[in-house]
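Chemist: Note that our numbering has the sequence shown beginning at 1430, numbered continuously upward.
The beta carbon of each residue, even a glycine, is placed where N, CA and C say it ideally should be.
All of these numbers come straight from a predicted model, not from anything done at the bench.
Sharing a structure with you now.
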Amino acid sequence: MRIVICRTGGFAGIERRAELDTCGRSDATHLEALAHRALAPGRDAPGHGRGVPDGFHYEINVDGRSVHLADPHLSEDQRELIQTVLKEGA
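And the structure:
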């Protein structure tokens, strides 16, 4: 599974993008479950794309399916997925 995170906004307005492929990873099952829950219907509900001033906005793309979110309206699954991909992805 290919997971891409694009983070924009924040105080400096700098875009950051990272990509992670779960193939061959020991935590692949966990990451794939997080990705499925992060994209679950209702996670991109109205109002969740609007954040707070100087907050981050995210696009999570998993195998061609996307969701747009903004801080502070992230679920724990979305937050964990975003942090993992931005930290370990290329």
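Given a cut-off of 8 angstroms on the beta-carbon distance, is the pair C1435 and E1509 in contact?
Modeler: Going by C-beta atoms, C1435 is not nearer than 8 angstroms to E1509.
Chemist: For G1439, which residues from the same chain have a beta carbon less than 8 angstroms from its beta carbon, with the 5 sequence-adjacent residues on both sides left out?
Modeler: These residues qualify, in order along the chain: D1483, G1484 and F1485.
Chemist: Just mark A1441 as buried or exposed, buried being the case when its beta carbon has 16 or more other beta carbons within 10 Å.
Modeler: With fewer than 16 other Cβ atoms within 10 Å, it is exposed.
Chemist: Sort L1449, R1431 and H1459 by Cα distance to K1516 and report the nearest one.
Modeler: Cα-wise, what sits closest to K1516 is L1449.
Chemist: For L1463, which residues of its own chain have a beta-carbon under 7 angstroms away from its beta-carbon, when the five flanking residues on both sides are left out?
Modeler: Correct list, in chain order: D1506, E1509 and L1510.
Chemist: Can you give me the C-alpha to C-alpha distance between S1495 and L1503, rounded to a whole angstrom?
Modeler: So the two alpha carbons sit approximately 15 angstroms from each other.
Chemist: If you check the beta carbons only, do V1491 and M1430 fall under 8 angstroms apart?
Modeler: Contact flag set, yes.
Chemist: On a Cα-Cα basis, can you pick out the residue from V1433, T1513, T1458 and S1455 that is closest to A1447?
Modeler: When only C-alpha atoms are compared, the closest one is V1433.
Chemist: For T1513, which of E1444, A1499 and A1457 has the nearest alpha-carbon?
Modeler: Out of E1444, A1499 and A1457, A1457 has the C-alpha closest to the C-alpha of T1513.
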